Structures are given as C-alpha cells and as structure tokens.
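Residue numbers (our numbering), protein chains in the order written: chain D, 12 to 338; chain G, 839 to 1140.
Even glycine gets a Cβ: it sits at the ideal position worked out from N, Cα and C.
Values in this document were obtained by computation on a predicted structure and should not be read as measured data.
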Amino acid sequence: MRRPTIMDSQAPSAASTNTAAPNTVAPKTPPRNGARTSSAAAVVPAVSTRDAGLAFGDRVLWSGLNLDIPPGQFVAILGSNGSGKTSLIRVLLGEQPLSTGAAWIAGEPVRRGSTLVGYVPQKVSIDSATMVKARDVVRMGLDGHRWGMPIGSARKRHAVRATIDELLASVGAAQLADAPVSMLSGGELQRVRVAAALASNPSILLCDEPLAALDLRHQQEVAALLDRRRREHDTAVLFVTHDINAVLDYVDQVLYLAAGRFRLGPPEEVLTSEGLTELYGAPVDVIRTQGRVIVVASTDPTAGVHLSHDDHGATDPPLGPTRRIRR
Amino acid sequence: MSVWDKLFSFENYGELLTLLHNSILAGALLGLIGGLIGVFVVMRDLTFAVHGISELSFAGAAFALLVGFNVVIGSILGSLSAALLIGFLGVRARERSSFIGVLMPFGLGLGVLFLALYPGRAANKFGLLTGQIVAVDDPQLFWMLGVSAVVIAVLAILWRPLMFATVDPEIAAARGVPVRALSPVFMIVLGLTVAMAVQVVGALLVLALLVTPAAAAMRVTASALWVPVLSVIFGVTSVVGGILLALGGSLPISPYVTTISFLIYVVCRITGNRRLRRGWARRTELAEPAASPADRRSQPVG
C-alpha cells in the first residue's frame, strides 16, 4: 500500500490536522480533550478520523486519513470521480466500514442512523407520484425512522408541528410547508431537504453534491443557507462538490482526494499548482481568475488525470453571479 | 328480461342482504386493506406488480379448485410466491417491469389450464377471474379476517419507516431505516392483500381496489393523514357499493365495483386539476429567502 507521503511533506494550517498520529495502530478511544490540538483543548471535534483508510480489493481510495474538523467548520471535499469522496460520506454515515483506522462523529464512533449526522444527498427530484407535503418530508427527518403510526396526543402533535414550522422557517421555506414535494422546484426541494437533515439537530451536516442539480442562483442560496446554519449553530459542514467556486466564500478547509492520497488545508494552501501536481503525480495548473479557482491538467489532458470539476469551471463564463456577489 | 333488469334488480333485497352479509363484510375488509396498501403501491410504483401477482394468485386458486383444496390458501400461495419472486428478482423498476411481463402470462396460462381441466360449474371458474358473489362462507370469512388483521398490524407497525423508505430511500437508509429488508416484507403483505382481493373482485380487476382508490385520493390531497383515510373511504365505497348494486342482478360484481371506483377517480381528477390550476400550494410570499444575495453583499467575506 502506498504511503501518503504527501501529507508528511505538507504541514497544513494550525486549525487543521497534522500527521503526528501513528499510522499503524488505530486508537481505541475517540480523540477528546485536545490530545492533539492544543489550541482547542476542550472542544470535541465534529468529525475525527485516525489512520482511516478505505480500499476495495487492491484499489486504495485513500489511506492514513487523519481529520479533526472542529464544530462549525465548512469543509469542501474535492477530487476527481472515483477518488472516494462519496465513499467518505458513506463511511461517516456508517454505511461503509473503514478498511483501516477509525472515525468518530462528535466523539462517538460512527454508526448507521446516528442522529448526530444530517445528510443532504445529491438526488434532488422526488418521484412525481409521491404525494407528500414538504412538512411531512421534514417530519421524516424528525421521526420517520421510528416504528408505528404517527399518532400522538394533541399536545405532542402541536409540538411536532411547531418544530417542523421552525425548521422550515430556518431554511426560508416556511411558505412551502403544505406544498406537495413533487410540485417544488429543485432549489425549493433542496431547502426542504436541508430542513429535514437538520431535524435531529445534528452536529454535522454531510452534503453530497447538494448543488449539482441547481442553477447558479439556487446554488448560491443553498450554500449561503448552509453557511448561516454552521455559523449560528456550530454545525460542521462536510460538502462534497465538483465545483469549489459555488462555496469558495464559505470554505474553511479543503480536503482534496486524488490518486489514493489527499491534502487538507485552507483553500489557498491546497489549491495550488505545486500542491495538486504533487498530489496527482502529474502536472496540474491551478488558475485563479477573478476570484474563481480553475484546476486544469496543464500539459496533456489525457495523462490519466480526470479533473471533472474543472470542466465545469472552464466552461462557465468567468464572471458568473458567484463573483459579482463577492465584490 | 331487459338489460336494465339484468343490471339492477332489487327483488327480495332484504333476504339477499341477510344471505350475503358475509360477502359484504369481506368486501368492506378488502376496501379497508386495499385502500391502505394502495397508498404504498402507488408511491412505490408497483401497479404492474400488483397485476402480475394477481395473475399468479389466480393460477394458485384455480389449481386449488381443480384438486379440491382450499381456494383461499391456493390463491395466497400463488400470490406470495409471485410477490417474493418479483421482490427479489426485480429490484430495479425497469428489470421489474420486464420480469412481471414474463411472469404474468405464464400465471394466466397456468390458471386457464387448471380451469379447463376443472369439471365443475363454469360460474366458479369465471368467479376467480372476474369476481362473483359466491356467498362467502364462515370459514372463508375467518380466513379473510385473519389475513386482514395480519396486513393491518404489519402496516401499522411499518407505516412510518416504510413511508420514509418509499419517499426517500437514500436518506431513510442513512437514518438507519432497514430499507432493503422492508421491501420483501412489504411484498409479502401486498401478496396477502392481492389474494384477498382475488376472492372478491377476481384476478383481472384487483387493480380497481389496490390502485384506483389511492390514486384517486392522491389527486385531491397530499396530507399524510387524508391520503390513507380517503383511499380507504373510496375503497370501501367501491366494494360495498358494488356488492349492494350487484346483489339482485345475475351479473358478476366486478363491473359494479370497477365502475364506482373509476367514477370516484374521475371526480377526484377533475377536482385535483381544478385545484392545480388555482395553484395547489398557495405560496405566500412571506419574505425573501433567508440568505439572499443581497444579504451576502454586506457581509465581510472570510
């Protein structure tokens, strides 16, 4: 198995991880009380992994992954198709066991169905045959996994209703509460999805390309919504994306997965030509133009490096709405 | 005897009513469980599967008739094996459709074969296909009561996770709902319900009870409460109404049942369309979305 030497050569910023942990032995206890980070001694990281690795047979997606994502951080997960971005999300959801190492959510080992985790998937549409109100979709995030009929006392019903209204209002979708989800637009539905993901008041939101099916304006709205949530409630956001530019304003750290290795740090440190060239083991150019970041394979575009997210960046007009907002 | 007399005759209605109260009870039960399970059939897009299951259920019942076995058990066995086959072999919708297309004519062919070999009365034969008010006897009614109780109990327990898994399987799985395990369990319950429906309306017209009421309900409401409630009301109205109209005539009950349920659907569809045109979801323009670009402009950027 190839060692992720690249991590050792690059020391990310103070807020992110280092590679001090031994890579051979998975620790048995969650990393509490700042054993590793002296600056945030009492804070339990929203997500931590120790020597986490995932391999399918001989194919190593990533290995030696040591993360400590503090509460409230916005982390973008980038990488080409098949680099294991979605698999990382599935690991944190408890749906995919790690090959090596261990992972914790808010100090608890990852497990399936944890209420500490909110999940916003890529798929946006709900089948048109599904006549369900937006408020019922949010309710599923609240108690949809419980057995039995949704019957309760009048007081309990009112409490549930108030909670749902509150959740929908927090994502700016209060007016959609009684609309059937099959009649919502993609952007509206994704708001409802975020509200459902927040129903269990999670410590972390896992978003798997939640903007993929949205137009630029709705991308910006949903991204801003996630940003507001993490600022107000300290919910960490792990955000898988093909196009960093939609969330570049909000991102604290970037986790870049490629060729079985990874790089973690603030965007300006990770998204550099030297860094990504080293990561891919092939020449890569990072172009910054008008505040946008575009990653391109510099010499031979067919040199085994598939940088899917730059396709998007390269074809977009350089001065999209994203940039105008920032100025 | 005119066509009208054949269609509707209310002579000796009181006597017939007491004679056939078992059938009416069975019909009401069927309307209830059909209406409930129909909600999931429509949402999970299993309409075609229901049709496929009912044909194999028919084959099972025909075989039981031929060998002099309990017809209810025969149809239950037929529909359960079809439901499980479809559940396990046809996970993806496209695969499922073609598999059902393969299974259905085979079931129907088997059933026709068994009926052709059956030496008894022709009315019994057609009853299985098109429904007949054969007086439901007490043991048969007990069977139906028992099966209905099982169906209702399972649905009551599974309701929320099943709904979650139906609407949003990916998120439901992430929240710990056993999405994959729920599917075969639901297919078993569906198989049981279809077997019950075959007894009353016949194999060809099961859809009128398992799909039409729920589809009609979903034209007029999206409420988590009113969809199943309306669906049950529509289902019970169709079956019981159909039986009551068919009592005196000499025709099978299925045309009555299917006509009532179709009319309900038409009315619901018109109502729903009217509502759609007026704007189903009155989206009051409360305020601009929470973090509109305008807000962002004033914020310092990290």
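Boundaries of the alpha helix (DSSP H) in which residue i is found, first to last residue
i, result
"F250 (chain D)", "First-last for F250 (chain D): A247 to V251, but that is the beta strand (DSSP E), not the alpha helix (DSSP H)."
"V233 (chain D)", "L227 to H244"
"F926 (chain G)", "V909 to L927"
"T856 (chain G)", "Y851 to L857"
"D976 (chain G)", "D976 to V1005"
"R202 (chain D)", "G197 to A208"
"G276 (chain D)", "No alpha helix (DSSP H) contains G276 (chain D), which is instead part of the beta strand (DSSP E) from R272 to G276."
"I891 (chain G)", "T885 to V905"
Beta strand (DSSP E) segment containing residue i, residue limits
i, result
"A66 (chain D)", "V58 to F67"
"S91 (chain D)", "Neither: S91 (chain D) is in no beta strand (DSSP E) and is coded neither H nor E."
"R1013 (chain G)", "Taken as a continuous stretch (DSSP letters only), R1013 (chain G) belongs to no beta strand (DSSP E), as it is neither H nor E."
"T1096 (chain G)", "Run containing T1096 (chain G): none in the beta strand (DSSP E); it sits in the alpha helix (DSSP H), S1092 to R1116."
"A269 (chain D)", "Q264 to A269"
"A308 (chain D)", "R303 to A308"
"L216 (chain D)", "I215 to D219"
"V295 (chain D)", "V295 to T300"
Residue i to residue j span [Cα, whole Å]
i, j, result
"A1033 (chain G)", "L195 (chain D)", "38 Å"
"D883 (chain G)", "I1081 (chain G)", "28 Å"
"F886 (chain G)", "I938 (chain G)", "7 Å"
"G852 (chain G)", "N1111 (chain G)", "41 Å"
"H889 (chain G)", "L1042 (chain G)", "8 Å"
"Q84 (chain D)", "M160 (chain D)", "37 Å"
"A1019 (chain G)", "A87 (chain D)", "34 Å"
"A145 (chain D)", "A180 (chain D)", "12 Å"
"A866 (chain G)", "S986 (chain G)", "11 Å"
"L1068 (chain G)", "L275 (chain D)", "55 Å"
"Y267 (chain D)", "F273 (chain D)", "5 Å"
"R61 (chain D)", "V233 (chain D)", "31 Å"
"R814 (chain G)", "V1044 (chain G)", "No information on residue 814 (chain G) is available, as it lies outside the stretch 839 to 1140 that chain G covers here."
"V1017 (chain G)", "G984 (chain G)", "27 Å"
"L1098 (chain G)", "I875 (chain G)", "A small fix is needed here, since residue 1098 (chain G) is Ile in this sequence, not Leu. Each residue's alpha carbon lies about 19 Å from the other."
"E119 (chain D)", "A1052 (chain G)", "43 Å"
"Q1037 (chain G)", "L966 (chain G)", "7 Å"
"V880 (chain G)", "I255 (chain D)", "39 Å"
"A920 (chain G)", "T1031 (chain G)", "13 Å"
"F846 (chain G)", "S840 (chain G)", "10 Å"
"V1078 (chain G)", "P977 (chain G)", "20 Å"
"S936 (chain G)", "I924 (chain G)", "10 Å"
"G152 (chain D)", "A954 (chain G)", "54 Å"
"A223 (chain D)", "A994 (chain G)", "37 Å"
"G945 (chain G)", "S892 (chain G)", "9 Å"
"A173 (chain D)", "R70 (chain D)", "48 Å"
"L904 (chain G)", "L948 (chain G)", "12 Å"
"R1013 (chain G)", "S125 (chain D)", "7 Å"
"L1141 (chain G)", "L1047 (chain G)", "This structure cannot speak to residue 1141 (chain G), because chain G is shown only from 839 to 1140."
"L870 (chain G)", "Y261 (chain D)", "53 Å"
"R303 (chain D)", "T283 (chain D)", "13 Å"
"Y1103 (chain G)", "V1023 (chain G)", "29 Å"
Collapsed DSSP secondary structure at residue i in the structure displayed
i, result
"A114 (chain D)", "strand"
"F846 (chain G)", "coil"
"P82 (chain D)", "coil"
"A37 (chain D)", "In this predicted model, A37 (chain D) has a pLDDT of only 44, less than 50, meaning its place in the structure is not dependable; the value taken from the coordinates is given anyway. Of the three classes helix, strand and coil, the one that applies to A37 (chain D) here is coil, per DSSP."
"T283 (chain D)", "coil"
"S840 (chain G)", "coil"
"G1029 (chain G)", "helix"
"S74 (chain D)", "strand"
"P957 (chain G)", "coil"
"R108 (chain D)", "The question names Arg, yet the displayed sequence has Pro at residue 108 (chain D). The answer is coil: DSSP assigns P108 (chain D) none of H, G, I, E or B."
CB contact check: residue i to chain B, cutoff 8 Å
i, result
"A1054 (chain G)", "Absent from the structure is chain B; the protein chains it does hold are D and G."
Margin query: In chain order, what are the residue ranges of uninterrupted beta strand (DSSP E) at least 3 long that sit wholly in the region 113 to 165 of chain D?
Written below: Runs of the beta strand (DSSP E) inside the region 113 to 165 of chain D: 128 to 131.
Item checked: Within 9 Å of chain D by C-beta, residues of the region 1034 to 1065 of chain G in sequence order -> Listed by position along the chain: A1053, A1055, M1056, R1057, T1059, A1060, S1061, A1062, L1063 and V1065.
Note to self: At a CB distance below 7 Å, what residues from the region 904 to 933 of chain G approach chain D? Give them in sequence order.
What the structure shows: Those would be none; no residue qualifies.
Item checked: Residues of the region 996 to 1023 of chain G whose Cβ lies closer than 8 Å to any Cβ of chain D, in chain order -> Within the region 996 to 1023 of chain G, the residues whose Cβ lies closer than 8 Å to any Cβ of chain D are, in chain order, L996, W997, R998, P999, M1001, F1002, T1004, V1005, D1006, E1008, I1009, A1010, A1011, A1012, R1013, G1014 and V1015.
Next item on the list: Output, in sequence order along the chain, the residues in the region 235 to 254 of chain D whose CB is closer than 9 Å to any CB in chain G.
Entry: Listed by position, the residues of the region 235 to 254 of chain D near chain G (Cβ gap below 9 Å) are A235, L236, D238 and R239.
Margin query: Please give me, in chain order, every unbroken run of the alpha helix (DSSP H) with length at least 4 that falls completely inside the region 1047 to 1094 of chain G.
Written below: 1050 to 1058 and 1064 to 1084, all fully within the region 1047 to 1094 of chain G.
Check: Which residues, in chain order, does the region 164 to 185 of chain D contribute to contact with chain G at a C-beta distance below 9 Å?
Finding: Of all residues in the region 164 to 185 of chain D, A180, S181, V182, G183, A184 and A185 have a Cβ within less than 9 Å of some Cβ in chain G.
Notebook entry, point to check: Taking any Cβ of chain G, which residues in the region 140 to 160 of chain D have a Cβ under 8 Å from it, in chain order?
Noted result: Along the region 140 to 160 of chain D, going in chain order, the ones with a CB nearer than 8 Å to a CB of chain G are A140, T141, M142, V143, K144, D147, V148, R150, M151, G152, D154, G155, H156, R157, W158, G159 and M160.
Margin query: If the cut-off is 8 Å on Cβ atoms, which residues from the region 869 to 900 of chain G count as contacting chain D, listed in chain order?
Written below: Residues passing the 8 Å Cβ filter: V880, M881 and D883.
Notebook entry, point to check: Going along the chain, which residues of the region 187 to 199 of chain D sit with their C-beta nearer than 7 Å to a C-beta in chain G?
Noted result: Going along the region 187 to 199 of chain D in chain order, one finds L187, D189, A190, P191 and M194 with a Cβ nearer than 7 Å to chain G.
Check: Going along the chain, which residues of the region 977 to 996 of chain G sit with their C-beta nearer than 8 Å to a C-beta in chain D?
Finding: Residues A994, I995 and L996.
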